Amino acid sequence: MRLKERIKLTKACHGQKITTLVGDPKFKTCDIPIRIIEVILDDGTAEYLATNIFDESITVDMFRELYFLRWPVMLISA
Numbered sequence: 108m109r110l111k112e113r114i115k116l117t118k119a120c121h122g123q124k125i126t127t128l129v130g131d132p133k134f135k136t137c138d139i140p141i142r143i144i145e146v147i148l149d150d151g152t153a154e155y156l157a158t159n160i161f162d163e164s165i166t167v168d169m170f171r172e173l174y175f176l177r178w179p180v181m182l183i184s185a
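Sequence positions in the sequence shown follow my numbering and run 108 to 185.
Structure representation (C-alpha cells):
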C-alpha cells in the first residue's frame, strides 16, 4: 500500500522501518506490525510503501520493481 508522504509514519522513515499501526479497542481493531519502505523515484521524489512482508532478503530495490509492475495489472483488472 502506498502511504502519503506527510503522515507521521513516513516522516521518520529513511530507507525502511518496522513499526506498528495501533488498533482501537473502541472499534475492536488489533495492533498491526508493518514495514515501511522509502522508494526513491527516478525524478528524486520519495514514495512510501507499507507491507506486512518482513523478510529482509526482499530488498528495497525489489519492492521498487514490484511496485511499478503492479500498475499494468491494476489497469487491466479495473
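Think of the CB as a built atom: it goes at the ideal place given N, C-alpha and C, for glycine as much as any other residue. Given the structure is predicted, the values throughout are model-derived calculations rather than measurements.
Worksheet item: Val-167 by DSSP, collapsed to three states: which one?
Response: Looking up residue 167 in the sequence shown gives position 60. Looking at Val-167 - three-state DSSP - the assignment turns out to be helix.
Worksheet item: Which first and last residues belong to the beta strand (DSSP E) in which Pro-140 is found?
Response: The residue labelled residue 140 in the question sits at position 33 within the sequence shown. 139-147 is the span of the beta strand (DSSP E), which, as asked, contains Pro-140.
Worksheet entry | Close beta carbons around Leu-148, own chain, < 8 angstroms, minus the five adjacent residues each side | Here residue 148 is taken as the residue at index 41 of the sequence shown, counted from 1. These residues qualify, in order along the chain: Glu-154.
Discussion item. Shorter than 7 angstroms, the distance from the beta carbon of Cys-120 to the closest heavy atom of the ligand MN, or not?
Written reply: Judged by which ligands are present, the structure shown has none, so any question about the ligand MN falls away.
Worksheet item: Going by C-alpha distance, which of Val-146, Glu-145 and Val-129 is nearest Ile-139?
Response: As a first step, residue 139 must be located in the sequence shown, where it is residue number 32. Minimum Cα distance to Ile-139 is reached at Val-129.
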